[in-house]
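Enquirer: Here it is: the structure, laid out below.
Below, the structure written as structure tokens:
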């Protein structure tokens with residue numbers, strides 16, 4: 082990363098009256114000065130967009146990952162970082178084993194940048210919460226299996242009644258940050274701990290290990306597991322099969338389903354999917370399934386928005402009607 086130095090001091094205009102947003106940017110500039118970085122004048126105070134890119138890089142640790150997160154190309158990320166470092170008069174990130182790392186100057190700037198992020202997100206959520214229009218974008222995230230069989234029908238019903246609502250469905254088992262508005266509504270199997278988030282229990286979902294019918298002898302069966310950070314059941318299948326061998330890991334429930342169907346081995350699946358797949362059977366028929374609670378999560382300030390409220394109500398209805406299917410009562 083290029084490093085720039087400056088011996089010029091900050092020059093304040095007497096007539097300048099800072100707004101609330103400018104006051105936060107001034108704190109960012111002051112953090113730089115406290116770290117020994119000097120900026121030319123107040124017109125060169127770091128703007129939120131540049132600091133937003135800097136924060137994404139500090140968290141993702143690679144240009145490619147930050148670019149994907151921001152939805153822009155790597156060249157733009159690198160160019161905006163270089164501009165910010167020039168304004169700051171120092172390098173904020175440096176290459177290190179495992180990716181980019183904060184320099185001493187970067188550490189000094191990060192706290193102020195995160196303060197700006199909180200202020201920007203708070204303003205955005207409050208504006209959204211005051212919106213009574215049944216139009217505009219709503220972003221929903223859910224594991225792909227739940228997204229396909231439960232969330233999508235709910236979204237379809239909302240779309241028919243309120244075509245002005247633009248819905249974005251992110252089918253992933255990864256935990257998107259609702260507080261940072263990576264999603265407006267989240268369907269998860271873990272209750273959040275953040276005080277600003279509102280969680281509503283929708284249903285209970287049964288989960289069990291499945292194998293392909295006409296399977297091999299128990300000692301020959303391998304596991305189809307989930308990648309680190311993804312725990313669908315309370316008990317992992319690799320801990321339960323005699324061989325303890327893992328043939329494949331993935332972060333996708335749909336991929337586990339297909340791998341088990343193809344005969345890779347035993348994998349943990351929601352029972353409403355495993356029981357309905359003719360080629361599969363439960364690996365341990367005498368065992369009771371594990372249970373996961375399904376939660377609907379939304380930010381307290383965002384839930385007042387009319388379009389989000391319409392979506393939340395429809396999701397609650399669909400999951401309520403599908404509770405017996407999720408519990409797989411006929412098969413337990």
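In our numbering, the protein residues as written are 82 to 413. For each residue, glycine too, the CB sits at the ideal point set by N, CA and C.
1. Figure out for me which residue from 148, 165, 216, 154 has the closest Cα to the Cα of residue 128.
2. Going by the beta-carbon positions, is the gap between residue 153 and residue 223 smaller than 8 angstroms?
3. With a CB to CB cut of under 7 angstroms and the five nearest residues on each side skipped, what residues in its chain are close to residue 84?
4. Assign residue 139 to buried or exposed, taking buried as 16 or more other Cβ atoms, counted over all protein chains shown, within 10 Å of its Cβ.
5. Pick out whichever of 259, 132, 179 has its Cα sitting closest to the Cα of residue 167.
6. Between the beta-carbon of residue 396 and the beta-carbon of residue 377, is there less than 8 angstroms?
7. Give me the residue from 177, 193, 221, 241 with the minimum Cα distance to residue 253.
8. Out of curiosity, what's the CA-to-CA distance linking residue 281 and residue 163?
9. Would you decide whether residue 156 is buried or exposed? Buried here means 16 or more other CB atoms lie within 10 Å of its CB.
10. Nearest-angstrom Cα distance between residue 247 and residue 218?
11. Comparing C-alpha positions only, which one of 263, 256, 326, 262 sits nearest to residue 271?
12. In angstroms, rounded to a whole number, what distance separates the CA positions of residue 123 and residue 193?
13. Measuring CA to CA, which of 261, 233, 319 is closest to residue 292?
14. Tell me whether residue 241 is buried or exposed, calling it buried when 16 or more other Cβ atoms sit within 10 Å of its Cβ.
15. Quick check: the Cα distance between residue 186 and residue 135, rounded to an integer number of angstroms?
16. Report the start-end ranges of each beta strand (DSSP E) in the segment 175 to 259 that is 3 residues or longer and not cut off at the edges.
17. Jot down the residue ranges of each uninterrupted alpha helix (DSSP H) in the segment 121 to 155, minimum 4 residues, whole runs only, in chain order.
18. Restricting to Cα atoms, I'd like to know which of 145, 381, 401 is closest to residue 285.
19. When the Cα atoms are used, what is the spatial distance from residue 306 to residue 169?
20. Report the start-end ranges of each beta strand (DSSP E) in the segment 360 to 413 that is 3 residues or longer and not cut off at the edges.
21. With DSSP as the reference, identify every bridge partner of residue 282, one or two as the case may be.
22. Using only CA atoms, which one of 391, 294, 264, 407 lies nearest to residue 354?
23. Hey, quick one: how far does the alpha helix (DSSP H) through residue 340 stretch, first residue to last?
Expert: If we stick to the structure as given:
1. Taking the chain shown and counting its residues from 1, the one referred to as residue 128 is at position 47. Cα-wise, what sits closest to residue 128 is 165.
2. Position 72 of the chain shown, counted from the first residue, corresponds to residue 153. Position 142 of the chain shown, counted from the first residue, corresponds to residue 223. Cβ distance not < 8 angstroms, so residue 153 and residue 223 don't count as in contact.
3. For the purposes of this step, residue 84 is taken as the residue at position 3 of the chain shown. No answer about residue 84 holds up, because its pLDDT of 41 lies below 50 and its placement is not dependable.
4. Taking the first residue of the chain shown as 1, we reach residue 139 at position 58. Per the 10 Å Cβ criterion, buried.
5. Residue numbering aside, residue 167 sits at position 86 when the chain shown is read from its first letter. Among 259, 132, 179, the Cα nearest to that of residue 167 is on 132.
6. Along the chain shown, read from residue 1 onward, the residue named residue 396 stands at position 315. Along the chain shown, read from residue 1 onward, the residue named residue 377 stands at position 296. Cβ atoms of residue 396 and residue 377: closer than 8 angstroms.
7. Here the question's residue 253 lines up with position 172 in the chain shown. Of 177, 193, 221, 241, the residue nearest in Cα terms is 221.
8. Taking the chain shown and counting its residues from 1, the one referred to as residue 281 is at position 200. Taking the chain shown and counting its residues from 1, the one referred to as residue 163 is at position 82. When rounded, the distance between both Cα atoms is 44 angstroms.
9. Counting from 1 along the chain shown, the entry for residue 156 is found at position 75. Flag for residue 156 reads exposed.
10. Along the chain shown, one-based indexing puts residue 247 at 166. Along the chain shown, one-based indexing puts residue 218 at 137. Each residue's Cα considered, the two are about 4 angstroms apart.
11. Numbered from 1 along the chain shown, position 190 holds the residue referred to as residue 271. The residue with the shortest Cα to Cα distance from residue 271 is 256.
12. Your numbering for residue 123 matches position 42 in the chain shown. Your numbering for residue 193 matches position 112 in the chain shown. Since pLDDT at residue 123 reaches only 46, below the 50 mark, its modelled position is unreliable, and no value is offered.
13. Translated into the one-based positions of the chain shown, residue 292 becomes position 211. That would be 319, whose Cα lies nearest to the Cα of residue 292.
14. Mapped onto the chain shown, residue 241 falls at position 160. The residue in question, residue 241, is exposed, as its Cβ has fewer than 16 Cβ neighbours within 10 Å.
15. The count along the chain shown starts at 1 and reaches residue 186 at position 105. The count along the chain shown starts at 1 and reaches residue 135 at position 54. If I take the Cα positions, the gap works out to 12 angstroms.
16. 180 to 183, 217 to 223, 246 to 252
17. 129 to 141, 144 to 151
18. For the purposes of this step, residue 285 is taken as the residue at position 204 of the chain shown. When only C-alpha atoms are compared, the closest one is 401.
19. As a first step, residue 306 must be located in the chain shown, where it is residue number 225. As a first step, residue 169 must be located in the chain shown, where it is residue number 88. Spanning the two alpha carbons is a distance of roughly 46 angstroms.
20. 361 to 363, 371 to 380
21. Residue numbering aside, residue 282 sits at position 201 when the chain shown is read from its first letter. DSSP lists 376 as partners of residue 282.
22. For this step, residue 354 is matched to residue 273 along the chain shown. Selected option, being the one with the closest Cα: 407.
23. Your numbering for residue 340 matches position 259 in the chain shown. Per DSSP, residue 340 belongs to the alpha helix (DSSP H) from 334 to 343.
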